Amino acid sequence: MQELQFNYKGTDIRTVEVEGVKWFVASDVCRILDLDTSLAVNGRLRDGKPSGGLDDDEKGTALVSTPGGNQEVLIINEPGLYSLVLRSRKDEAKAFKRWITHDVLPELRKTGTYSINGSQPALMAQMTEVLSTMTQLVATIQDRDAKLDRVAYELDTALTINNHAQTIVHKAIKTRVSTLEPDIIGDGGKKKRNPNRPPLYKELYADIHKHFGVDSFRDIKPKDFDAAVEFIRNWSPAVALA
Numbered sequence: 001m002q003e004l005q006f007n008y009k010g011t012d013i014r015t016v017e018v019e020g021v022k023w024f025v026a027s028d029v030c031r032i033l034d035l036d037t038s039l040a041v042n043g044r045l046r047d048g049k050p051s052g053g054l055d056d057d058e059k060g061t062a063l064v065s066t067p068g069g070n071q072e073v074l075i076i077n078e079p080g081l082y083s084l085v086l087r088s089r090k091d092e093a094k095a096f097k098r099w100i101t102h103d104v105l106p107e108l109r110k111t112g113t114y115s116i117n118g119s120q121p122a123l124m125a126q127m128t129e130v131l132s133t134m135t136q137l138v139a140t141i142q143d144r145d146a147k148l149d150r151v152a153y154e155l156d157t158a159l160t161i162n163n164h165a166q167t168i169v170h171k172a173i174k175t176r177v178s179t180l181e182p183d184i185i186g187d188g189g190k191k192k193r194n195p196n197r198p199p200l201y202k203e204l205y206a207d208i209h210k211h212f213g214v215d216s217f218r219d220i221k222p223k224d225f226d227a228a229v230e231f232i233r234n235w236s237p238a239v240a241l242a
């Protein structure tokens, strides 16, 4: 069984093909014609007999795919469709009948499909336009991302550590120099004035400049902050001072 769905002024109309015959889902047609599906198709029971519905050869049931799975629904064939159109008091019924008879059915008989607006080339043109728009959108996003990466890089290289981070680095420098002094002096650090302290600071500052490419520890980049603190804590002079 082949299923096909098309659209009439915003309302989906589903069709199924059973043994080569096109059938319409009754609820979709009745929605357009403003009819109660059960009453319009099956009629009412009067004296135990159905009355007012379609003839048996104009209606049936079929399994149709729905978001909730396959469901058995009422279907009507072309004669049944015309019968419902004649019953509808809605002004739209005449326009709907003309659309079915002049557009949908001839196309179904000819190709077995129905193209939106009856024009496959037009549909392809729309798809091409959508693809072009999506391509332009992707290019725009990629260009924006590249610019953001560039801005992030420039900020990263232009900014230096803040005052709090500078204080931490400066404290690490003083702590490291103080830790090295007793070993260099050889008196357990008892001497209040260490003549080797200035050379230690000078050498450490020079190594910071060489390792991180900055004139002062205050110019260290945020991305290098952790590495700089670790470097200072593990630093040793190249030649022991005496």
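Start counting the sequence shown at 1; every next residue gets the next number (UniProt numbering).
The beta-carbon is built from N, C-alpha and C at its ideal position, and this holds for glycine as well.
Quantities reported herein were computed from a predicted structural model and do not represent experimental measurements.
Can you tell me which of the three DSSP states Gly60 falls into?
strand
Do you know offhand how far Asn234's Cα is from Pro195's?
22 Å
Candidates Arg46, Ala62, Asn42 and Leu54: which alpha carbon is nearest Glu19's?
Ala62
Looking only at its own chain, which residues have a Cβ that is under 6 Å from the Cβ of Ile13, when we skip the five neighbours before and after it?
Phe6 and Asp28
Answer with buried or exposed for Val151, where buried requires no fewer than 16 other C-beta atoms within 10 angstroms of its C-beta.
exposed
With DSSP collapsed to three states, give me the class of Tyr114.
With a pLDDT of 48 at Tyr114, under the threshold of 50, the predicted position of this residue should be treated as unreliable, and no value is reported.
Skipping 5 residues on each side, what residues in its chain have a beta carbon closer than 6 Å to that of Gly80?
Leu54, Glu58 and Lys59
Tell me whether the beta-carbon of Leu35 lies closer than 8 Å to the beta-carbon of Arg87.
yes
Check for me: the alpha helix (DSSP H) holding Glu78 runs from which residue to which?
Glu78 to Arg87
Helix, strand or coil, according to DSSP, for Ser178 in the structure here?
helix
Alpha carbon of Ser178 to alpha carbon of Ala172, nearest angstrom:
10 Å
Just to confirm the assignment, what range does the alpha helix (DSSP H) spanning Glu230 have?
Phe225 to Arg233
Who are Gly69's beta bridge partners in DSSP?
Thr66
From the DSSP output, in three-state form, read off Asp34 for me.
coil
Ile13, DSSP secondary structure in three states:
strand
Three-state secondary structure assigned by DSSP to Ile220
coil
Just mark Val169 as buried or exposed, buried being the case when its beta carbon has 16 or more other beta carbons within 10 Å.
buried
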